[in-house]
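> Encoded as structure tokens, here's the structure I'll be asking about.
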Amino acid sequence: MPKDHGIGASSKRREDVRFLTGKGRYTDDINLRGQAHAVFVRSQVAHGKIRKIDTSDAEAMPGVLKVFTSADFDGKGGVPCGWQIHDRAGNPMLEPKHPILAEGKVRYVGDAVACVVAETLEQARDAAEAVVVDIDELPAVIDMKEAVKGGALVHDELGSNLCYDWGFIEDNKAATDEAFKTAHHVTTLELVNNRLIPNAMEPRVAIGDYSQAGDDYTLYTTSQNPHMIRLLMGAFVLSIPEHKLRVVAPDVGGGFGSKIFHYVEEAFVTHASKVVNRPVKWTCSRSESFLTDAHGRDHVTKIELALDKDGHFQAIRTETYANMGAYLSTFSTAVPTYLHGTLMAGNYKTPHVYVNVKAVFTNTVPVDAYRGAGRPEATYQLERVIDMAAREMGIDPIEIRRRNFVQPDEFPYQTPVAVQYDTGNYQATMDKLIEIADLAGFEKRRAESAKKGLLRGLGVNCYIEACGIAPSNLVGQLGARAGLYESATVRVNATGGLVVMTGSHSHGQGHETAFPQVIAEMIGIPENMIEVVHGDTANTPMGMGTYGSRSLAVGGSAMVKATNKIIAKAKKIAAHLMEASEGDIELKDGKFSVAGTDKSVDWGAVCLAAYVPHNYPLESLEPGLEETAFYDPSNFTYPAGAYACEVEVDPETGKVTICSFAAADDFGNVVNPMIVSGQVHGGLAQGIGQAMLEAAAYDENGQLLSGSYMDYAMPRADDLPFYKVDHSCQTPCTHNPLGVKGCGEAGAIGSPPAVVNAVIDALQRGGHKHVTHIDMPVSPSRVWQAING
Amino acid sequence: MQLTDSRDIKASPDTVWAAILDPEVLMASIPGCESLTGSPEEGYEAVVVQKVGPVKARFTGVVKLSDIDPGRAVTITGEGKGGPAGFAKGGAKVTLAPEGEGTRLSYEVEAMVGGKLAQLGSRIIDGFARKLADQFFERFQETIEGPPDPQAPDPEGDGEKKGWLKRAFGG
């Protein structure tokens, strides 16, 4: 019988009560007394020299407090990049300044040139239209391969558009090249991982609030990691010491990565608030969000797979161009490198892997982490090329994967791309997939589709991802400019209730429900005795926030550590109360008892004793019951799984319909199966969106053509099937106390290749043998052209 | 966006050429033109109101004539800034050749938009630019030839003929 409580129970998401009844408190819901409004003047051209900015008309308009230009930020820093990559020769990457407002040049459509701060939003908007920006348009660099060939420079002072040329692992290159020379068969595939626009439901908002009385600042912002914003903005941009800066990220309506990064608007409102001595609020419009939120993916890749005569993988070699956009966003440089190259071994034993990535500046909005971040790009190319190789060699696509899997008894497994998988069972998830997707019935379903004149195809693939990126000392060596631990303070109240103050940040994931389940299980008290506080640097310990499916694996582990400290101290108190030896105290179902006796004292009595220490060992134990722990993982976690997609292709129109999608995931231990299923569902929708519909398109002049929902196709309910999701295959993570691996990104990582594999399979089975690849999104026009091409 | 087309005008090349150089004809020909000042040599300053998809804007900009080959060819380029709506720029390379008793006017148009126009209206820009170019040369032809005969195709290019009432009241 399923549990109704604690770890493993599908407890209902308590935060949904406020989200579903319109009671969420988002940044835009915050209105401070005397607040002024900021509206940015943004570049309409992708590349140009700023000749003159005339603010005089705007400044004379009603309600205008000030019009800011870059001159108002003299002496302030640029928005920093969080990860320094070293290239193949060991040289540091090219790193341009990213000013708060454009200095001298504009570099993408949407680049902030000036900003009006006025009494009302309408006055600020009107005045922003009156700012005259005179720009000498320069040729724009949009295509990555063109950008590195020469021509216009996005950053003149850097002398090149090539941010870095990275080899991973450079020492693997010679052996990899050698393996290709002797291979029985080589499959080569060139593909594009399409550029995506995140489209969080809540657009970005930032409110700066400077207090003259305390000479301190508060920034309210839509962020996934308020502490990191405080550190980056305080230390690198505005020179505000952390004790004078509080960052609050209240309810956040979706992030998917796009709200990890420190954006210029946050620094702007914080600084402007001091200059005008008023709170300053900026709310991003949806159009602005298309233009300025960091985009995702945008890789152009050539992958080669070398095989022996039995289809065993001998070597993998890739060359990828990764778009950085015009400036380096916070984690932009890490995504195509350490979040992508490290995953190129996949679920397979491939002796030689060499990954080359060229990161390129272009006149487009910065590109950074988006749900999966680097891992979807790795998975897509690998699982596509494997499918192609299987077809070329006449081996069943499932069989070729099984043949190359890291086998269950081979863990821990050291890959040739630095990471060591601690645990996994890829055969088991594949078996489970075959069962839940009813692959045995495929031929029958195919025949039924054929009766309707439709081509049915089956796409199967595996994925592995690395979550909870760590440990800090290793990532430091790799160029990270931050640690990647997590923190938690567990505060027990006198009457027994608990508050967990976590450095993780929930923006839809369900932490407020799942975290209490863990503590409830550990202590044996009801979940509703536990509250989660997050998102405010003033009342949570220094934490790194939420991204990369890290919250439970890293933040949850910190919470477990802190709770263990609480339990250890509570046992001492209980021992005192029962006049027993501490070593004999057992905690079960919220009761401390002395082993082998019927003596017991309940949780509430111990908590009360800690805060009303009348009968308390004050000489040896401090009163109170509050503990903080920091947890720095010793390794990544490695969720993995197998996915299957069935499609019907209409050969007349090229339209693809997804008939079914099944996902068999191994997330290790599962705290709340319902939340995990929900995370997988959401991830699948995003992955299918990428595969079928979404594409950010710039024209050759750098104008964003897909700048609204009329032109950027988001997946809708009727584009998606009912999913079959299973996470019963569980190989617990070996190095965190919960044995959990992370589930937030898996769906978005594993699903795109399944869709494209299925479309190609449908066309191949339908006799269109010349179609071996179609780039995403597999829109009707692309499929029709491929069929008729 | 590029398009090429031609039309036959019932007037001699010299008459057509003179019309091209006449600011009043130019103003009458540019759809939505509110004002046009300047000269063919110095270039013109123009104010044009247009609505593209969801974006309506008053464009202020310059129109220049270049590559002038008297009586035979000219390039008309324009660049308009529509404030927050974005900008539009384009050019038409126009050539004239005698055709029977009249003149064949051929043109190659290139147009580009930026800012909100590109972001919100990109899907409709091609069709819009084609329509704008058609209207321009339609009006230009009409200015030279006089009002069209009632049997002729509708000058608005809407495909549907307007009755006298609609025409009289500008519907």
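Chains as they are written, first to last, in our numbering: chain F, 468 to 1256; chain P, 2 to 172. Don't be surprised by glycine CBs; every beta carbon is placed ideally from N, CA and C. From a predicted model like this one, the values you see are computed outputs, not experimental measurements.
Three Cβ pairs or more, each shorter than 8 Å: is that satisfied between the stretch 485-493 of chain F and the stretch 710-719 of chain F?
As far as the Cβ criterion goes, the stretch 485-493 of chain F touches the stretch 710-719 of chain F, which means the pair count is three or higher.
> Would you please state the rounded distance, in angstroms, between the beta carbons of proline 14 of chain P and threonine 76 of chain P? I believe it to be under 8 Å.
Actually they do not touch by this definition, with Cβ atoms about 17 Å apart.
> How long is the line joining the alpha carbons of isoleucine 1216 of chain F and aspartate 1065 of chain F, rounded to whole angstroms?
Rounded to whole angstroms, isoleucine 1216 of chain F to aspartate 1065 of chain F spans 53 Å at the Cα level.
> Quick one: complete beta strand (DSSP E) runs, 3+ long, within the stretch 538-576 of chain F?
Listed in chain order, nothing qualifies, since the stretch 538-576 of chain F has no complete beta strand (DSSP E) run of 3 or more residues.
> Verify whether the separation of the beta carbon atoms of glycine 54 of chain P and glycine 101 of chain P is less than 8 Å.
No; because the gap between Cβ atoms is not below 8 Å, this pair is not in contact.
> Does any residue of chain F have a CB that is nearer than 8 Å to the CB of lysine 117 of chain P?
Judged by the 8 Å Cβ criterion, lysine 117 of chain P is in contact with chain F.
> Taking the DSSP output, what are the residues bridged to aspartate 1003 of chain F?
F/Val715.
> Between the C-alpha atoms of proline 156 of chain P and proline 71 of chain P, what's the straight-line distance to the nearest angstrom?
Here the model assigns proline 156 of chain P a pLDDT of 49, short of 50, so the residue's position is not dependable and the matter cannot be decided.
> Under 7 Å between beta-carbons, which chain P residues line up against glutamate 596 of chain F? List them in chain order, please.
Within 7 Å Cβ-Cβ: Gly84 and Pro85.
> Kindly list, in the order they appear in chain P, the residues whose Cβ is closer than 8 Å to that of methionine 1177 of chain F.
Simply Leu121 and Arg124.
> Looking at the strands, I want to know which residues DSSP matches up with lysine 748 of chain F.
Answer by DSSP bridge pairing, in chain order: F/His504 and F/Ile674.
> Taking only beta-carbon atoms, is leucine 663 of chain F less than 8 Å away from chain P?
Chain P contact via Cβ: absent.
> Less than 6 Å between C-beta atoms, sequence neighbours within five positions excluded: which residues of the same chain meet that for glutamate 482 of chain F?
For glutamate 482 of chain F, where only same-chain residues beyond five positions count, the Cβ hits under 6 Å are Glu979.
> Since asparagine 1168 of chain F meets chain P, which of its residues come closer than 8 Å, beta carbon to beta carbon?
Those within 8 Å of asparagine 1168 of chain F in chain P are Met113 and Gly115.
> In or out: lysine 572 of chain F buried (at least 16 other Cβ within 10 Å) or exposed?
When all chains shown are included, lysine 572 of chain F counts as buried.
> Going by DSSP in three states, methionine 1181 of chain F sits in which element: helix, strand or coil?
Methionine 1181 of chain F: coil per DSSP, three-state reduction.
> For chain F, check one thing: does any of its Cβ atoms lie closer than 8 Å to the Cβ of leucine 4 of chain P?
For leucine 4 of chain P, the answer is no, since every Cβ of chain F falls outside 8 Å of its Cβ.
> By the 10 Å Cβ neighbour count, where 16 or more other Cβ atoms means buried, how is asparagine 639 of chain F classified, buried or exposed?
Per the 10 Å Cβ criterion, buried.
> So which residues on chain F does phenylalanine 137 of chain P lean against when the C-beta distance must stay under 7 Å?
Under the 7 Å cutoff, chain F gives no residues; its nearest Cβ is about 23 Å from phenylalanine 137 of chain P.
> I need the DSSP call for glutamine 136 of chain P, collapsed to helix, strand or coil.
Correct three-state label for glutamine 136 of chain P: helix.
> Which whole-angstrom value describes the C-beta separation of leucine 658 of chain F and aspartate 1242 of chain F, a residue pair presumed to lie in contact below a C-beta threshold of 8 Å?
Rounded, the Cβ-Cβ distance is 6 Å, consistent with contact.
> Would you mind working out which of F/Val704, F/Lys479 and F/Ala1131 sits nearest aspartate 541 of chain F, comparing C-alpha positions?
Nearest C-alpha to aspartate 541 of chain F: F/Val704.
> Please tell me whether methionine 1181 of chain F and glutamate 1161 of chain F are closer than 8 Å, where the distance is taken between their beta carbons.
Cβ distance < 8 Å, so methionine 1181 of chain F and glutamate 1161 of chain F count as in contact.
> Taking alanine 1225 of chain F as the reference, which of F/Ile1125, F/Asp521 and F/Gly935 has the closest Cα?
With distances taken between Cα atoms, alanine 1225 of chain F lies closest to F/Ile1125.
> Pick out the complete beta strand (DSSP E) segments inside the stretch 1088-1125 of chain F, 3 residues or longer, and give them in chain order.
Listed in chain order, they are 1093-1098 and 1107-1116.
> Which residues in the same chain have their Cβ closer than 6 Å to the Cβ of lysine 163 of chain P, if we skip the five residues on either side of it in sequence?
Here lysine 163 of chain P scores only 42 on pLDDT, less than 50, and its place in the model should not be relied on; the value that follows carries that caveat. Once the five neighbours on either side are set aside, lysine 163 of chain P has no close Cβ partner at all.
> Compile a chain-ordered list of the residues in the stretch 547-575 of chain F whose CB is closer than 8 Å to at least one CB of chain P.
Flagged: no residues at all.
> Grab the span of the alpha helix (DSSP H) containing phenylalanine 535 of chain F for me, first residue to last.
Element bounds for phenylalanine 535 of chain F: not the alpha helix (DSSP H) but the beta strand (DSSP E), 531-535.
> Under 9 Å Cβ-Cβ, which residues of chain P neighbour serine 754 of chain F?
Chain P residues near serine 754 of chain F: Lys117, Gln120 and Leu121.
> What is the DSSP secondary structure of glutamate 850 of chain F, reduced to helix, strand or coil?
Glutamate 850 of chain F: helix per DSSP, three-state reduction.
> So, for asparagine 1255 of chain F: in the same chain, excluding its five sequence neighbours on each side, which residues have a beta-carbon less than 8 Å away from its beta-carbon?
Result list for asparagine 1255 of chain F: empty, nothing under 8 Å.
> Between which two residues does the beta strand (DSSP E) holding threonine 1260 of chain F run?
Here chain F covers residues 468 to 1256 and nothing more, so residue 1260 of chain F does not appear.
> Could you give the residue range of the alpha helix (DSSP H) that holds lysine 616 of chain F?
Looking at the DSSP string, the run of the alpha helix (DSSP H) that includes lysine 616 of chain F is 611-616.
> So the alpha helix (DSSP H) leucine 705 of chain F belongs to, where does it begin and stop?
First-last for leucine 705 of chain F: undefined, no H or E at that position.
> Indicate whether at least one CB of chain P lies closer than 8 Å to the CB of glutamine 511 of chain F.
Glutamine 511 of chain F counts as touching chain P.
> Return the residue from the list F/Val584, F/Ala1184, F/Met560 and F/Tyr1165 that minimises the CA-CA distance to valine 508 of chain F.
Looking at the Cα atoms, F/Val584 is the closest of the given residues.
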